[in-house]
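Colleague: Its first residue numbered 72, the sequence shown is counted upward by one per residue in this note's numbering. A single structure is presented below for examination.
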Amino acid sequence: MSGFHEEIDVDRTPGDVWAYLSDPSHLPEWQASAVSVEQLDEGPFGLGSRIRVTRHVGLRDMPMTMQVTEFEPPRSWGLRGIDGPVRGSVHGEVTPLPDGRAHVTMDLDFEGRGIGRVLLPLVVRPQVRRELPRNEQLLKERLEHTAG
């Protein structure tokens with residue numbers, strides 16, 4: 072199973088970057104396939120929290136539930152899909168650079184169940200491969216060109 076690895080430097084402080092990335096409501100602003108996000112649990116977002124992300128995959132919108140598996144402010148986070156035919160797994164890190172900017176690393180992979188085993192190589196992985204460079208650019212633009 073081959074995953075995806077992305078790294079970017081952002082002209083914002085690590086704290087600003089963490090604040091943005093650790094708020095799931097921002098996903099549709101910088102991820103092209105993310106249509107909507109809904110937090111399913113009451114209280115602050117953190118370890119164990121669940122969100123429902125609706126993504127446009129192929130020709131349809133697919134809701135999927137993700138659970139936070141790692142949450143270590145202001146440095147790293149992780150989520151994994153807990154339902155649906157395609158379950159994503161994400162790990163991200165925000166690292167301070169010597170000049171005060173932030174370095175962001177994200178690793179993403181998927182597991183297919185049932186029809187998801189067919190969708191992964193035919194639809195999901197090609198879509199992610201096309202989308203990731205644009206998502207990275209959107210994230211950078213959003214962080215660097217909006218007030219903190």
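All C-beta atoms, glycine included, are put in the ideal place defined by N, C-alpha and C. These figures come from a predicted structure and were not determined experimentally.
What does the Cβ neighbour count give for Pro192, buried or exposed, with the cut at 16 atoms within 10 Å?
Modeller: By the 10 Å Cβ count, Pro192 comes out exposed.
Colleague: Report the option in Val139, Ala90 and Gly159 whose CA atom is closest to the CA atom of Asp112.
Modeller: Ranking Val139, Ala90 and Gly159 by Cα distance to Asp112 puts Val139 first.
Colleague: For my contact list, Val175 and Val165 are in at a C-beta cut-off of 8 Å; report their separation, rounded to the angstrom.
Modeller: With a Cβ gap of about 6 Å, Val175 and Val165 count as contacting.
Colleague: For Ile153, count neighbouring C-beta atoms within 10 Å of its own C-beta (all shown protein chains included) and say buried if the count is 16 or more, exposed if not.
Modeller: Exposed: under 16 other Cβ atoms inside 10 Å.
Colleague: From this set, Pro95, Gly114 and Val124, which residue's C-alpha is nearest Val106's C-alpha?
Modeller: Nearest option by C-alpha distance: Val124.
Colleague: Go through the segment 123-180 residue by residue and report every complete run of the beta strand (DSSP E) that reaches 3 residues or more, in order.
Modeller: List check, beta strand (DSSP E) in window: 131-143, 147-152 and 157-167.
Colleague: Tell me the rounded alpha-carbon separation between Gly185 and Val157.
Modeller: Using only the alpha carbons, I get a separation of about 9 Å.
Colleague: Does DSSP put Arg121 in a helix, a strand or coil?
Modeller: In this structure, Arg121 counts as strand in the three-state DSSP scheme.
Colleague: How long is the line joining the alpha carbons of Glu77 and Glu202, rounded to whole angstroms?
Modeller: If you take the alpha carbons of Glu77 and Glu202, they lie about 12 Å apart.
Colleague: I think Asn206 touches Trp89, with their Cβ atoms under 8 Å apart; what is that distance to the nearest whole Å?
Modeller: About 18 Å; that fails the 8 Å criterion.
Colleague: Tell me, please, which residues DSSP counts as bridged to Ala105.
Modeller: Answer is Arg126.
Colleague: Using beta carbons (cut-off 9 Å, strictly below), is Val199 in contact with chain B?
Modeller: Annotation note: the requested chain B is absent from the structure, which comprises a single protein chain.
Colleague: Quick check on Phe87: does DSSP put it in helix, strand or coil?
Modeller: A small fix is needed here, since residue 87 is Asp in this sequence, not Phe. Asp87 falls in the helix class under three-state DSSP.
Colleague: If we count the other Cβ atoms within 10 Å of its Cβ and call it buried at 16 or more, is Pro144 buried or exposed?
Modeller: By the 10 Å Cβ count, Pro144 comes out exposed.
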